[in-house]
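Comments concern the structure below.
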Amino acid sequence: MDSGSLAWVLTSAALVLFMTPGLAFFYGGMDRSRSVLNMLMMNFWCLLTIPILWVTIGYSLAQAPFENDFLGDFTNAFLRDMTITGEDGGKGLLVMVFLGMFAVITPALISGAVADRMKFAAWALFAPIWTLLVFVPVFKWVYGGWFFKGVFADSDLALPGSLDFAGGTAIHVNAGISALAAVLVLGKRKGWPKEGHPPHNMPLVMLGTGILWFGWFGFNAGSALFANGQAVQAFLNTFLAAAAAGLAWALVERIRDGHFTNLGAASGIVAGLVAITPCAGFVAGMSPIFIGLIAGVACCLAVGLKTKFGYDDALDVVGVHFVGGLVGSLLVGFFADATYFGGGEPFFMDGLFFGGGPDLLIEQLFANGVTIVYAFVMTTLIMLALKATIGVRVSEETEATGLDLAEHAETAYHSGAGLSGS
Amino acid sequence: MKLITAVIKPFKLDEVKEALKSAGVNGITVTEVQGFGRQSGHTEVYRGAEYTVDFVPKVKVEILADDALVDGIADALVAAARTEKIGDGKLWITDVDAVQRIRTGEKGTDAI
Numbered sequence: 404m405d406s407g408s409l410a411w412v413l414t415s416a417a418l419v420l421f422m423t424p425g426l427a428f429f430y431g432g433m434d435r436s437r438s439v440l441n442m443l444m445m446n447f448w449c450l451l452t453i454p455i456l457w458v459t460i461g462y463s464l465a466q467a468p469f470e471n472d473f474l475g476d477f478t479n480a481f482l483r484d485m486t487i488t489g490e491d492g493g494k495g496l497l498v499m500v501f502l503g504m505f506a507v508i509t510p511a512l513i514s515g516a517v518a519d520r521m522k523f524a525a526w527a528l529f530a531p532i533w534t535l536l537v538f539v540p541v542f543k544w545v546y547g548g549w550f551f552k553g554v555f556a557d558s559d560l561a562l563p564g565s566l567d568f569a570g571g572t573a574i575h576v577n578a579g580i581s582a583l584a585a586v587l588v589l590g591k592r593k594g595w596p597k598e599g600h601p602p603h604n605m606p607l608v609m610l611g612t613g614i615l616w617f618g619w620f621g622f623n624a625g626s627a628l629f630a631n632g633q634a635v636q637a638f639l640n641t642f643l644a645a646a647a648a649g650l651a652w653a654l655v656e657r658i659r660d661g662h663f664t665n666l667g668a669a670s671g672i673v674a675g676l677v678a679i680t681p682c683a684g685f686v687a688g689m690s691p692i693f694i695g696l697i698a699g700v701a702c703c704l705a706v707g708l709k710t711k712f713g714y715d716d717a718l719d720v721v722g723v724h725f726v727g728g729l730v731g732s733l734l735v736g737f738f739a740d741a742t743y744f745g746g747g748e749p750f751f752m753d754g755l756f757f758g759g760g761p762d763l764l765i766e767q768l769f770a771n772g773v774t775i776v777y778a779f780v781m782t783t784l785i786m787l788a789l790k791a792t793i794g795v796r797v798s799e800e801t802e803a804t805g806l807d808l809a810e811h812a813e814t815a816y817h818s819g820a821g822l823s824g825s
Numbered sequence: 409m410k411l412i413t414a415v416i417k418p419f420k421l422d423e424v425k426e427a428l429k430s431a432g433v434n435g436i437t438v439t440e441v442q443g444f445g446r447q448s449g450h451t452e453v454y455r456g457a458e459y460t461v462d463f464v465p466k467v468k469v470e471i472l473a474d475d476a477l478v479d480g481i482a483d484a485l486v487a488a489a490r491t492e493k494i495g496d497g498k499l500w501i502t503d504v505d506a507v508q509r510i511r512t513g514e515k516g517t518d519a520i
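Listed in order, the protein sequences are those of chains Y and A.
The opening position of the first sequence corresponds to residue 404 in our numbering, with each subsequent residue numbered one higher.
The opening position of the second sequence corresponds to residue 409 in our numbering, with each subsequent residue numbered one higher.
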């Protein structure tokens, strides 16, 4: 691996790491002031546990060997054969640590849905168990398994498998649908939806959004795994789609509700980032702007579904990550332009709008459909098992007085002249 | 001796403070409070969902005053806090039985 690519992917890995604290602030600001530390800790918990899980068995099961279609094995477990002294000069280690950052943030995405009422002990177990049983297999399917190789692919014709540049299916659809399953087992917050739960600190939400956007350049452009033209394209697309989606969401709110809101702009930016993730290295030209506009409108309308159907997805993980991820993953089937990523003949990886026919879209539909069913069922089972053993909900009293003090013995904001030791 | 209590619009605090100093007041106590009156609350919208906020932030000002100065102080406060729009707040005056300065132990009017 050339030193430029090595430097870029290392830098990207650090950028992706920064997204988890960014997400924590994005969610934390939307949370109540007396549960904000619980939200931050749910996210930071992933930073404590998932790196260790990843290098011990997660990475190996998710990636090695390439021949396995459904699940890897223990080839690289406990860093076996993963050193800088091998022939690849450390590229294997580099990819492993880069992907490890994605493994950290994926379960963290779910924390926004279960906000304000999940017992921390239950989350502490849920995050690593979910990573192992849901994230790892789906990751294998998407990046090296049966989705990647193509379910409907004719090997003679070398038809394409599904495409997911940086984790639309493997990360956002996967975590988003799991968030829905988790809240269906967990139940609604007390008083929801009659009693409002407005954000306690909007500036924190905007700060988190900025960190997420910044980190997302590593997430998407780093996923080229080289410092090459595809990385440049993914970088530009990440820039444009987020802006277009933020604009679209803000405009829908302005027309429908009368105001340009900070939360609308921030939510739109994140929706655009989610939607461009699967497309980032596969689309070019004006496509990222169209993808962003579509995702911004779709996600803005989708966050209303929870009140309509009565599932309490507290901070709209389903509306933003599931819907945004699905929209992006399906739009790959329309906007993929093989000219720019070497997917032309004999691979035929163009989308519908670029003369590719429906093959790619069919692969996208199948990969996402299977992921939705698998992740929903497995997450439901994990949550039911936790519910039956240690319980998943805090007491009614803790829910009313806030999780920070009861679950963590900490308080985010001390007010008053010396009354609370500040 | 009297206690003047006023609930005012927060952005008027500086003007009220200056007016009170000019009226001869040596000290005031200020508290951030919330409540509702005829102004009632407002509506906020987050991701399309409306939230009604019933309580409006206000500032409560408390002044201990000698009987002879009470009317002048109250008038100065009212003049400074007034915007002539709904939500300007209220002022009320109550009797105070005793006052003591903690540092010296002085009592009554001397302690004000």
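The beta-carbon is built from N, C-alpha and C at its ideal position, and this holds for glycine as well.
Tell me where the beta strand (DSSP E) around residue i begins and ends.
i         : result
LYS410(A) : 410 to 416
PRO465(A) : 464 to 473
SER755(Y) : According to the sequence shown, residue 755(Y) is Leu rather than Ser. First-last for LEU755(Y): undefined, no H or E at that position.
To which residues of the same chain is residue i closer than 7 Å at the C-beta, ignoring the five residues directly before and after it?
i         : result
SER825(Y) : Here SER825(Y) scores only 39 on pLDDT, less than 50, and its place in the model is too uncertain to base an answer on.
LEU443(Y) : ALA427, GLY431
ARG509(A) : ALA519
Per DSSP, which residues does residue i bridge with? Please list them.
i         : result
HIS377(A) : Absent from the structure is residue 377(A), since the part of chain A shown begins at 409 and ends at 520.
ASP503(A) : LYS410(A)
THR437(A) : GLU470(A)
GLY443(A) : VAL464(A)
GLN636(Y) : Note: GLN636(Y) sits in no beta bridge, so no partner.
ARG796(Y) : MET521(Y)
In chain order, what residues of the same chain lie with their CB nearer than 8 Å to the CB of residue i, ignoring the 5 residues before and after it?
i         : result
PRO602(Y) : GLY432, MET433, ASP434, VAL608, LEU666
ALA484(A) : ALA427, LEU428, SER430, ALA431
HIS662(Y) : GLU656
PRO468(Y) : GLY475, ASP476, THR478
LYS593(Y) : ARG520, GLU799, GLU802, ALA803
GLN442(A) : PHE463, VAL464, PRO465, LYS466
VAL461(A) : GLY449, HIS450, THR451, GLU452
Got a sec? Which residues, its chain only, sit under 6 Å from residue i by beta carbon, not counting five neighbours each side?
i         : result
SER823(Y) : The predicted position of SER823(Y) is uncertain, since its pLDDT is 48 and thus under 50; no value can be drawn from it.
TRP619(Y) : THR641, LEU676
TRP500(A) : THR413
ALA778(Y) : VAL537, ASN577, ILE580, SER581
THR827(Y) : Chain Y is shown from 404 up to 825; residue 827(Y) falls before or after that span and cannot be answered.
GLU810(Y) : ASN441, PHE523
ALA417(Y) : none
MET445(Y) : SER514, TRP526
GLY621(Y) : SER415, LEU418, VAL419
Does residue i come out as helix, strand or coil in the three-state DSSP assignment?
i         : result
ARG657(Y) : helix
LYS591(Y) : coil
MET445(Y) : helix
MET521(Y) : strand
LYS515(A) : strand
MET485(Y) : coil
LYS498(A) : strand
GLU426(A) : helix
ALA815(Y) : coil
SER823(Y) : Because SER823(Y) sits at a pLDDT of 48, beneath the cut-off of 50, its placement in the model cannot be relied upon, and the point is left open.
What are the boundary residues of the alpha helix (DSSP H) that includes residue i?
i         : result
PHE429(Y) : 406 to 433
LYS552(Y) : 549 to 552
TYR462(Y) : 462 to 466
TYR777(Y) : 762 to 792
VAL677(Y) : 665 to 679
VAL726(Y) : 726 to 738
GLY618(Y) : 605 to 624
LEU497(Y) : 494 to 513
TRP544(Y) : 539 to 545
SER690(Y) : 690 to 705
Should the stretch 765 to 780 of chain Y be regarded as contacting the stretch 511 to 519 of chain Y, the criterion being three or more beta carbon pairs within less than 8 Å? no
Segment contact flag, the stretch 669 to 679 of chain Y with the stretch 713 to 727 of chain Y, C-beta cutoff 8 Å, min 3 pairs: yes
Tell me, please, whether the stretch 495 to 505 of chain Y touches the stretch 412 to 421 of chain Y by the rule of three or more beta-carbon pairs shorter than 8 Å. yes
Contact the stretch 644 to 657 of chain Y vs the stretch 576 to 591 of chain Y: 3+ CB pairs below 8 Å: no
Touch check for the stretch 684 to 704 of chain Y and the stretch 471 to 491 of chain A: three-plus C-beta pairs under 8 Å? no
Would you call the stretch 502 to 513 of chain A and the stretch 409 to 423 of chain A touching, i.e. three or more CB-CB distances under 8 Å? yes
Take every Cβ of the stretch 703 to 714 of chain Y, pair it with every Cβ of the stretch 741 to 750 of chain Y, and state whether three or more of those distances are shorter than 8 Å. no
At a cut of 8 Å, does the stretch 524 to 544 of chain Y reach the stretch 729 to 737 of chain Y through at least three beta carbon pairs? no
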